[in-house]
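**Q** Numbering (our numbering), first residue to last: 159 to 580.
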Amino acid sequence: MNLSAWIDLEGLIGEIPLIVVQAPEGWALPSAASLCLSMANIAPAIIVLLRWRQGSRFSEIPYIYLIIVVGLLSCCVLAFTWQRTIFLFGSERSVWFFCCFFTLSMLDCSSSLVFFDYMKRFRDHYLTAVFLGEGLTGIIPTFLLLAQGVGGEATCVLTTNGTSLEPIYSEPRFSVKIYILLLGCVIAASLIAFILLRWTNIIALADAVQSVIYQAEELTTGTDPNENSLMTSVIESPESKSRPQMTRRVFIFLLLINIINSTMLFGCLPSLSTYALLPYGQKAFYYSSLFTPAAYSVALLINLRWETITLRATVIGSAIGLMLCIFIIIIATQSPCPWWSDTTHGAIIIAISWFLATLIIAFLRITIGHRIKLEWKDDQGMFYFGASIQLGLLLGAIPMYFLVNVFNVFTDREPCVIYCLT
159 MNLSAWIDLE GLIGEIPLIV VQAPEGWALP SAASLCLSMA NIAPAIIVLL
209 RWRQGSRFSE IPYIYLIIVV GLLSCCVLAF TWQRTIFLFG SERSVWFFCC
259 FFTLSMLDCS SSLVFFDYMK RFRDHYLTAV FLGEGLTGII PTFLLLAQGV
309 GGEATCVLTT NGTSLEPIYS EPRFSVKIYI LLLGCVIAAS LIAFILLRWT
359 NIIALADAVQ SVIYQAEELT TGTDPNENSL MTSVIESPES KSRPQMTRRV
409 FIFLLLINII NSTMLFGCLP SLSTYALLPY GQKAFYYSSL FTPAAYSVAL
459 LINLRWETIT LRATVIGSAI GLMLCIFIII IATQSPCPWW SDTTHGAIII
509 AISWFLATLI IAFLRITIGH RIKLEWKDDQ GMFYFGASIQ LGLLLGAIPM
559 YFLVNVFNVF TDREPCVIYC LT
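(1) Cα-Cα, which of Ala434, Ile226, Phe247 and Ser263 is closest to Cys483?
(2) Compare the C-alpha of Leu549 against each of Ala181, Met197, Trp164 and Ile222 and name the closest.
(3) Put Ser162 into one of helix, strand or coil per three-state DSSP.
(4) When the Cα of Ile487 is compared with those of Thr502, Leu427, Leu458 and Gly544, which residue comes out closest?
(5) Please determine, among Gly475, Ser162, Lys535 and Met159, the residue with the shortest C-alpha to C-alpha distance to Arg406.
(6) Using 8 Å for Cβ pairs, my map puts Pro182 next to Ser270. What's the rounded Cβ distance?
(7) Short of 6 Å in beta carbon distance, which residues of its chain neighbour Pro437, apart from the five on each side in sequence? Order them along the chain.
(8) With a 10 Å radius around its C-beta and 16 neighbouring C-beta atoms as the bar for buried, classify Ser387 as buried or exposed.
(9) What residues in its chain sit with their C-beta under 6 Å from that of Leu412, if we drop five residues either side in the sequence?
(10) In the DSSP output, which residue or residues are listed as bridge partners for Cys314?
(11) Who are the Cβ neighbours of Leu316 in its own chain at under 7 Å, not counting the five residues just before and after it?
(12) Taking 7 Å as the cut-off, decide whether the C-beta atoms of Ile524 and Phe543 are in contact.
(13) Within the segment 223 to 251, note down every full alpha helix (DSSP H) run reaching 4 residues or more, in order along the chain.
(14) Please state the DSSP three-state secondary structure of Phe280.
(15) Is the beta carbon of Leu167 less than 7 Å from the beta carbon of Asp275?
(16) Expressed to the nearest angstrom, what Euclidean distance is found between the alpha-carbon atoms of Arg331 and Leu532?
(17) If I'm right that Ile417 touches Leu230 with Cβ under 8 Å, what's the distance once you round it to whole angstroms?
(18) Assign Val367 to one of three DSSP states: helix, strand, or coil.
(19) Classify Pro451 as buried or exposed, calling it buried when 16 or more other Cβ atoms lie within 10 Å of its own Cβ.
(20) DSSP three-state label for Ser493, please.
(21) What do you get for His503, buried or exposed, if any count of 16 or more other CB atoms within 10 angstroms of its CB means buried?
(22) On the three-state DSSP scale, how would you describe Pro330?
(23) Going by Cα to Cα distance, which pick from Met277, Phe238 and Leu430 is closest to Ala366?
(24) If Leu187 sits next to Leu303, beta carbons under 8 Å apart, how far is it from one beta carbon to the other, in whole angstroms?
(25) Is Arg211 buried or exposed, if buried means 16 or more other CB atoms sit within 10 Å of its CB?
(26) With a floor of 4 residues, list each alpha helix (DSSP H) that falls wholly inside the segment 395 to 457, ordered by position along the chain.
(27) Among Thr472, Ala545 and Leu462, which residue has its Cα nearest to the Cα of Leu207?
(28) For Gln548, report the span of its alpha helix (DSSP H) as first-last.
(29) Taking 6 Å as the limit between beta carbons, can you name the residues of its chain near Asn384, skipping five residues before and five after?
(30) Skipping 5 residues on each side, what residues in its chain have a beta carbon closer than 8 Å to that of Ser232?
(31) Closest to Ser476 by CA distance: which of Leu514, Lys441 and Ser446 is it?
(32) Mind checking whether Leu354 and Ile361 have CB atoms under 7 Å apart?
(33) How about Thr432: is its C-beta nearer than 7 Å to some C-beta of chain B?
(34) Judging by CA-CA distance, which residue of Thr243, Ala351, Ala237 and His283 is the nearest neighbour of Val334?
(35) Give the secondary structure of Val308 by DSSP, where H, G and I count as helix, E and B as strand, and everything else as coil.
(36) For Glu567, which residues of its own chain have a beta-carbon under 6 Å away from its beta-carbon, when the five flanking residues on both sides are left out?
Here's what the structure looks like:
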C-alpha cells in the first residue's frame, strides 16, 4: 500500500537529469519543484486542522483513497504533458509539469500524515512494512532508471556555419512518458493492495490488528469494524503497559531532530542537486540520482538489526549527517567550478557524500519513528511524526528557492562552454 506514498515524486526526482536539459527553467528546475513541494504543505495543514476539529470522528481512510486515486490520474496527465510550455511572465515556462508536480506534492505530503496514522490499527512490527514500502519508492525508480539508461549527455558539434558549437543530447532507451506511465502502474498496484486491506479478511487472517481490548460501546467512525478501526475508549493490554514510556521532553526533542534533519535532506539538498552534481558531469548526476534513493532501502535493512538506538547515538548520527549536508551545500555554492570539478574522483566524492547523508538521516528517521510508536503513550504520536517531516521540508525548500531564483547565489553552466581553466 505504501508504495504510492512517494514513488511518483521519487521517480520524477530521479528523472530530473533528463527533464532539466529540455525544460526552459534549466538548472533552476529542481528549486522551483522544491518550492511546489513546500507550498503543497497546505494540504497536510488542512488535514491537521480537520483532525483537530473532528477529534475522535476523524478517519484517515477517505484521504488514503484520495491520495492514491488522484496520484494515479496525475501521473497519467503528466506523462502526456510534461514537455508542454506556456509563455508566462515574459518567458516560456513548464506550467503543465509544475501543476502536476504540485498536485502530486500535495498528495505525497499528506501521505506522510495519513499513512503513518493508519498504522495505529496494526501491531508495532508492521511499521517496518510501511518503511519498507517507502524504501521501495526509491528502489523501484532506480531499476527503471537502470533500464532506461543514461540520457541527456551533451555532445558539442559545430554549427552549419562553423563558427560556434551547439549541444546534441543523447537519448535514453525509452522516453520520459513511458517512465512516468510505469510509475503509474505501481500506484495502481498500491490501490489494489489498499482495497484488499479494506475489503477482505487478510488483516484478520494475519492477526495484524493492534492488541487492544474494546469497551462494549463503540463509536461510529465510518470504517469497517472487522478491522478494529476504533482506537478510542480502549483498555490497554498488559503488553502495552509493560513498554517503557517516553517523556514529553524526549518526544519533543526527537521531533525537533526530525525537523532539522528533514530541513536539510528533504528541503535544502533537492533544490541544489543540479548545482552540486552537474559540474562533475551528466553521468555523475545520473548515477547519484540512481543510487541515492537506494539509501532509504539500505537504511531499512540496517534498521532490521537496530530497530531503535539511544538518544546519544541519534544526536551523534544527526551531527554527522548535517555535516555531510553542509559540505554538499558548500560545493553547490561554488558552482560552476567547485572543488575537483570535471574530475572522476570529484564525482565519486560528491556522490558518496550525498549517499551517506541520505543513508544516515533516513536511518535516524526510521529509528525515531519506531521509538515514538513503541514508547509514546498517545496514539497521535505517529501523526505528529509525519507532520515534523513536512515542516522540515517547508523550512528548507522556501529559503532555497529564493537563494536560487531571486538572489542568484548559485551559478549554472551553459552547454558547450569551457569552465574551470587552471
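Even for Gly, the Cβ is constructed at its ideal location relative to N, Cα and C.
**A** On the basis of the data shown:
(1) Ala434
(2) Met197
(3) helix
(4) Leu427
(5) Lys535
(6) Actually they are not in contact, since the Cβ atoms of Pro182 and Ser270 sit about 31 Å apart, beyond 8 Å.
(7) Ser493, Pro494, Pro496 and Ser499
(8) The pLDDT assigned to Ser387 is 38, lower than 50, so where the model puts this residue is not dependable; a value taken from the coordinates is nonetheless given after this. By the neighbour-count rule (16 or more Cβ atoms within 10 Å), Ser387 is buried.
(9) Ile526
(10) Pro325
(11) Leu323
(12) no
(13) none
(14) strand
(15) no
(16) 46 Å
(17) Going by Cβ atoms, the distance from Ile417 to Leu230 rounds to 31 Å, so no, they are not a contact pair.
(18) strand
(19) buried
(20) coil
(21) exposed
(22) coil
(23) Met277
(24) The Cβ separation is near 17 Å, so there is no contact.
(25) exposed
(26) 396 to 399, 406 to 420, 431 to 435 and 440 to 449
(27) Ala545
(28) Gly539 to Asn563
(29) Only weak support exists for where Asn384 lies, its pLDDT of 43 falling under 50; the value from the coordinates is given anyway. So the list is empty, once near-sequence residues are dropped.
(30) Asp166, Cys258, Thr261, Leu262 and Leu265
(31) Leu514
(32) no
(33) Among the chains of the structure shown, chain B does not appear; only one protein chain is present.
(34) Ala237
(35) coil
(36) Glu is not the amino acid found at residue 567; the sequence shown has Val there. Contacts found: Leu561.
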